[in-house]
Amino acid sequence: DAGVIQSPRHEVTEMGQEVTLRCKPISGHNSLFWYRQTMMRGLELLIYFNNNVPIDDSGMPEDRFSAKMPNASFSTLKIQPSEPRDSAVYFCASTFGLAEHTDTQYFGPGTRLTVL
Amino acid sequence: KNQVEQSPQSLIILEGKNCTLQCNYTVSPFSNLRWYKQDTGRGPVSLTIMTFSENTKSNGRYTATLDADTKQSSLHITASQLSDSASYICVVTDSWGKLQFGAGTQVVVTP
Numbered sequence: 001d002a003g004v005i006q007s008p009r010h011e012v013t014e015m016g017q018e019v020t021l022r023c024k025p026i027s028g029h030n031s032l033f034w035y036r037q038t039m040m041r042g043l044e045l046l047i048y049f050n051n052n053v054p055i056d057d058s059g060m061p062e063d064r065f066s067a068k069m070p071n072a073s074f075s076t077l078k079i080q081p082s083e084p085r086d087s088a089v090y091f092c093a094s095t096f097g098l099a100e101h102t103d104t105q106y107f108g109p110g111t112r113l114t115v116l
Numbered sequence: 001k002n003q004v005e006q007s008p009q010s011l012i013i014l015e016g017k018n019c020t021l022q023c024n025y026t027v028s029p030f031s032n033l034r035w036y037k038q039d040t041g042r043g044p045v046s047l048t049i050m051t052f053s054e055n056t057k058s059n060g061r062y063t064a065t066l067d068a069d070t071k072q073s074s075l076h077i078t079a080s081q082l083s084d085s086a087s088y089i090c091v092v093t094d095s096w097g098k099l100q101f102g103a104g105t106q107v108v109v110t111p
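First to last, the sequence lines map onto chains E and D.
Going by my numbering, the first sequence opens with residue 1, and the numbers climb by one from there.
Going by my numbering, the second sequence opens with residue 1, and the numbers climb by one from there.
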């Protein structure tokens, strides 16, 4: 398996533009997680899906952020409009079971987002 | 206040030496505790996952311990190698699947 695939790997955009990050989880995994990582705040969970249904979106910063999982093999994280403070590395991870289970989470390589 | 505190924030060790990282948490009710290794510019990689009933778990030269009574965990690196230079993150999950993250410990192994 190729592991968790994220695209793009790098994104530079201007404030106010829409940004869409994409993730393909490992085939057969039922849970998908979107994380954000910055130097100031460390790693944060934004949203987590199980069987394509959002389970916990309490980490989504505000209405400018939205995430979808239309099927088991694809998810998007959208920021509209983007702001400089959204600059971060966004990771997607997938696992077989629920968050409270002990299945290993596999992370993608991340998307480094820079908003000018 | 962060529910997961890691210490030290950073440390430098000589190649071949051992070191221990600490993770104290207040998360309750506890489900599991994970240690991740994150190399610069890459995603975190899972090292160990422990539940309430597990006291120790090893993954090669990495050994994690858990004391659920005192809510403390440690990650011990034996005979460090240059490739161990990374950030080590402790993540605690409660029984409802809520994840709490430590700020990480930055380890630098020098020749």
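Even for Gly, the Cβ is constructed at its ideal location relative to N, Cα and C.
Between the alpha carbons of residue 47 of chain D and residue 22 of chain E lies a gap of roughly 26 Å. In terms of Cα proximity to residue 38 of chain E, the closest of E:45, E:89, E:30 and E:47 is E:89. When secondary structure is reduced to three states using DSSP, residue 98 of chain E falls in the coil class, being assigned neither helix nor strand. Remark: C-beta atoms of residue 3 of chain D and residue 26 of chain D approach each other more closely than 8 Å. Residue 93 of chain E sits away from residue 74 of chain E, with the two beta carbons spaced by 8 Å or more. For residue 46 of chain E, the CB contacts under 6 Å within the same chain, skipping 5 residues up- and downstream, are 34, 36, 59 and 60 in chain order. If you draw a straight line from the Cα of residue 37 of chain D to the Cα of residue 64 of chain E, it is about 31 Å long. Under the three-state reduction of DSSP, residue 112 of chain E is assigned to strand. Within the region 18-61 of chain E, the complete beta strand (DSSP E) runs of at least 3 residues fall at 19-24, 31-38, 42-50 and 53-56. Check the Cα spacing between residue 97 of chain D and each of E:7, E:15, E:56 and E:4: the tightest is with E:56. For residue 47 of chain E, there are no neighbours in chain D by C-beta distance under 9 Å, as the nearest C-beta there is about 11 Å away. With 16 or more neighbouring CB atoms inside 10 Å of its own CB, residue 29 of chain E falls in the buried class. Residues 12 and 87 of the same chain have their beta carbon placed closer than 6 Å to that of residue 114 of chain E, with the five preceding and five following residues left out of the count.
Around residue 99 of chain D, the beta-carbon contacts reaching into chain E at under 7 Å are 45 and 99.
Residues of chain E with a Cβ closer than 8 Å to the Cβ of residue 51 of chain D are, in chain order, 102. Using a Cβ-Cβ cut-off of 8 Å, residue 42 of chain D counts as an interface residue toward chain E, since at least one Cβ of chain E sits closer than that to its own.
Using a Cβ-Cβ cut-off of 7 Å, residue 103 of chain D is close to 42 of chain E, given in chain order.
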